[in-house]
Amino acid sequence: MIHEVFGLGIVATIPIVAFAKEIKERIRQEQNGRCDLCNIETNLEIHHKIPESRGGSSRRENGVGLCTRDHEQWDAISLTSNLAYPGVEYRPIKRRKKRRRR
Ligand SMILES: [Zn+2]
Numbered sequence: 211m212i213h214e215v216f217g218l219g220i221v222a223t224i225p226i227v228a229f230a231k232e233i234k235e236r237i238r239q240e241q242n243g244r245c246d247l248c249n250i251e252t253n254l255e256i257h258h259k260i261p262e263s264r265g266g267s268s269r270r271e272n273g274v275g276l277c278t279r280d281h282e283q284w285d286a287i288s289l290t291s292n293l294a295y296p297g298v299e300y301r302p303i304k305r306r307k308k309r310r311r312r
């Protein structure tokens, strides 16, 4: 991904690691500022349903607004186990095909 660093006129290759500001705002609006899991009204943090380390994107469909507590909890869960965020099926980045020997 090519990103322009504003003000400096430098074009550099920077990996995209977070949700864009507009996407975060959109998710907060769509959820009316309420946590997707416990429904409390708070300043939502945007969670990657499929973690980036598992190939999850930073696009709208992979984001969900969570309260701080649930965000921490799900980050821990999704990075240490195979348990998927509710309603999300994990797709491993690399799936080895079993070779049949003949
Ligand atoms: Zn919550």
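So for the sequence shown, my numbering puts the first residue at 211; every next one is plus one. Even for Gly, the Cβ is constructed at its ideal location relative to N, Cα and C.
query                                                                                                                                                                                       : result
Measuring from each Cβ to the nearest heavy atom of ligand 1, keep the ones under 6 Å and list them in chain order.                                                                         : Cys245, Leu247, Cys248, Ile250, Leu276, Cys277, Arg279, Asp280
Looking only at its own chain, which residues have a Cβ that is under 7 Å from the Cβ of Phe216, when we skip the five neighbours before and after it?                                      : Because the pLDDT of Phe216 is 49, which lies under 50, any placement of that residue in the model is unreliable, and the question is left without a value.
So the candidates are Glu299, Lys259, Arg270, Ile250; which of them puts its Cα closest to the Cα of Ala286?                                                                                : Lys259
Taking buried to mean at least 16 other C-beta atoms within 10 Å of its own C-beta, is Arg310 buried or exposed?                                                                            : exposed
Quick one: what's got a C-beta closer than 8 Å to Ser268's C-beta in the same chain, skipping five residues either side?                                                                    : Ile226, Val227, Ala228, Phe229, Ala230, Ile233, His258, Glu262
For Glu255, which residues from the same chain have a beta carbon less than 8 Å from its beta carbon, with the 5 sequence-adjacent residues on both sides left out?                         : Gly275, Leu276, Cys277, Thr278, His281
Identify, in the order they occur along the chain, each residue of the same chain with its Cβ nearer than 7 Å to the Cβ of Arg236, setting aside the five sequence neighbours on each side. : Arg270
Quick check on this structure: which residue in Gly273, Arg238, Ile250 has the alpha carbon closest to the alpha carbon of Gly297?                                                          : Gly273
With a cut-off of 8 Å on the beta carbons, I'd call Arg264 and Tyr300 a contact; round off their distance for me.                                                                           : 7 Å
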